[in-house]
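Going from the sequence shown to my numbering is simple: count from 1 and add 20.
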Amino acid sequence: MRREQAVRFLLRLIGYLSVAAGFVALVIDGARSIANAGLRFTPVSEVLIAVIQERYQLIQPAIERNLHPWLWDPLLLSLMRAPAAAAALLLGFALLWLGRRPDEVIGIVTRR
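Structure below.
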């Protein structure tokens, strides 16, 4: 029971941090859009380049070699072009949903 609570806590913590990062990215993209007088969003690929720098170029060959070549081009390449704010918010809400407390059992079923 303790381990299950710890995993739920960890999922919720990462979920809240991801939602907060999504809102920060949304504010930054909004300010950038206002300054440029046009819609501008930061794609996930730019965030990954800023975070992992040179290792970003090793992702594509690793996925194509170890998993499957089609996984990179249609799926992950589309994900890399998605707005970072939307990706962080979706990931955060999904983690919060996974880390929720289980529903309480209200009654006892006597029929079988």
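Yeah, the Cβ is synthetic: ideal placement off N, Cα and C, and Gly gets one too.
Taken through DSSP and simplified to helix, strand or coil, P89 comes out as helix. In terms of CA proximity to P81, W92 leads the group W92, E74, Q73 and V39. About 3 angstroms separates the beta carbons of G42 and A108, which is inside the 8 angstroms limit, making them a contact pair. Per the Cβ contact rule, the segment 75 to 89 is not in contact with the segment 21 to 30 (fewer than 3 Cβ pairs under 8 angstroms). Under the three-state reduction of DSSP output, P81 falls in the helix class. The segment 106 to 121 and the segment 48 to 57 do not touch, with fewer than 3 CB-CB distances between them shorter than 8 angstroms. A40 and A106 have their C-alpha atoms some 12 angstroms from each other. For the 8 angstroms CB-CB criterion, P63 and P122 do not form a contact. For S98, the closest C-alpha among the options G127, N56 and S65 is that of S65. Nearest to L33 by C-alpha distance, out of V129, V67 and G119, is G119.
Fully enclosed alpha helix (DSSP H) runs of no fewer than 4 residues occupy 64 to 72 of the segment 37 to 84, in order along the chain.
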